[in-house]
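Comments concern the structure below.
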Amino acid sequence: MGVDWEPDPSDSLKTFGAFVQALREHHGYTREQFAPLVSFSVHTVASIELGRRMADEVFVERADRVLGDTGALRRAAKHVSRQPGLASWFRRWAQLERQAVSLCTYECRLVPGLLQPESYVRALCDEDVPPLPDDELEALVKVRMQRQTLFRDEPRTTFDFVVEEAVLMRRLGGTAVCVELLDHLLAASTLRNVTIQIMPARTEHHACLAGPIRLLETPDAQRFAYCEGQESGRLITDRKEVAKLSLRYARLRSQALSPQDSVGLLQRMRGEL
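Following this note's numbering, the numbering of the sequence shown begins with 193 at its first residue and continues without gaps.
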């Protein structure tokens with residue numbers, strides 16, 4: 193599913209969770225006693241207290257009422273700032289995304305996260321080994337969908353994607369998921385700040401055989417790159433290395449189908465389903 197997700201607790205989540213646990217124990221409740229009082233499962237309460245899950249507003253309101261109605265939990269919850277569902281190594285990149293004036297992505301393994309419809313995200317999760325618990329799965333889906341608001345929230349940012357045709361030929365999740373995916377890509381391609389190019393499966397030249405690439409540029413002309421593997425990711429700040437990856441990406445764009453031809457290919461693939 194890409195490694196921009198891991199159930200890794202941040203300091204603020206762990207601190208808030210410890211605060212909930214301390215209040216609960218101060219009032220003499222076990223987790224098994226406390227869970228029905230707030231109408232959440234024992235597993236969810238444990239996940240929040242251990243810092244693995246972001247408490248939503250409903251939990252905070254109910255827990256605050258049960259634990260003295262002092263407003264302390266409501267105030268503390270405002271300082272839990274880490275977006276749930278982002279891997280520790282991906283968070284800095286996600287922050288930079290919000291500031292970028294341009295974002296470029298090449299992907300050869302799966303559809304980039306910013307272009308994934310919800311059904312595709314869930315199909316990826318179904319293939320994950322070991323399986324994610326339900327609460328972590330829902331957090332992943334939520335954060336993946338929230339990231340896609342970048343297209344709307346940052347209309348002056350340009351988003352360029354090059355995706356391998358082989359990724360789209362893979363029928364992950366079945367026909368219904370593939371149909372929704374292609375419709376989603378076609379809809380994204382109509383946005384003025386989004387460009388999608390397909391790298392054909394039958395090609396004699398390929399500048400990015402070393403793997404996926406993500407590039408961005410900030411308003412002050414700083415350039416960064418990001419590369420990831422199975423269980424790790426690396427933010428690249430060295431200018432020479434970023435320049436090298438930028439050259440590869442530029443060459444790749446010239447080798448891929450044009451945006452217009454890419455839309456045509458997506459439409460033909462959609463018609464064949």
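Each residue gets a CB set at the ideal place from its N, CA and C atoms; glycine is no exception.
Query	Result
Range of the contiguous beta strand (DSSP E) that encloses V386	386-391
Alpha-carbon spacing of L306 relative to M337, whole angstroms	8 Å
Straight-line gap, L383 to S233 (C-alpha atoms, nearest Å)	41 Å
Alpha-carbon to alpha-carbon, E346 and V293	9 Å
8 Å CB neighbourhood of M193 in its chain, flanking five on each side removed	Here the model assigns M193 a pLDDT of 49, short of 50, so the residue's position is not dependable, and the following value carries that caveat. If we look at M193 and ignore the five residues flanking it on each side, its Cβ neighbours are L302, V313, L316, C317, E319, D320, L332.
Same chain only: Cβ atoms within 6 Å of R216, ignoring 5 sequence neighbours per side	F226
Neighbourhood of Q447 by C-beta distance below 8 Å, restricted to the same chain and skipping five residues each side	M391, T395, H397, H398, A399
Proximal residues to A238 (C-beta, below 7 Å), its chain only, five neighbours per side dropped	R223
Residues sharing a beta bridge with S294, DSSP	T350, E409
Under 8 Å between C-beta atoms of Y441 and Y298	yes
Identity of the residue in L401, R431, P404, G421 nearest Q414 by Cα	R431
Minimum C-alpha distance to V250 - residue among L242, G243, R244, L229	L229
Rounded Cβ spacing between I240 and V272 (contact assumed at less than 8 Å)	With a Cβ gap of about 10 Å, I240 and V272 do not count as contacting.
Buried or exposed by the 16-neighbour rule on C-beta atoms within 10 Å, applied to S381	buried
Local conformation of V303 per DSSP, three classes	coil
Closest by C-alpha distance to V371, when choosing among Q459, A255, G243, Q287	Q459
Those runs of the beta strand (DSSP E) which lie wholly inside the region 419-444 and span at least 3 residues	425-428
Residues near F343 in its chain [Cβ-Cβ closer than 8 Å; skip 5 each side]	L306, F351, A380, L383, N385, V386
V165 (DSSP reduced to helix, strand or coil)	Outside the shown range of the chain, which is 193 to 465, sits residue 165, and nothing can be said about it.
Whether F416 touches L288 by CB criterion (8 Å)	yes
Contact check, L265 vs D256, beta carbons under 8 Å	yes
Which of helix, strand or coil DSSP assigns to V252	helix
V258 versus S231, E357, H235, residue with shortest Cα-Cα distance	S231
Own chain, CB closer than 7 Å to E310, minus 5 neighbours either side, in chain order	V333, M337
F353 vs P304 beta-carbon contact at 8 Å	yes
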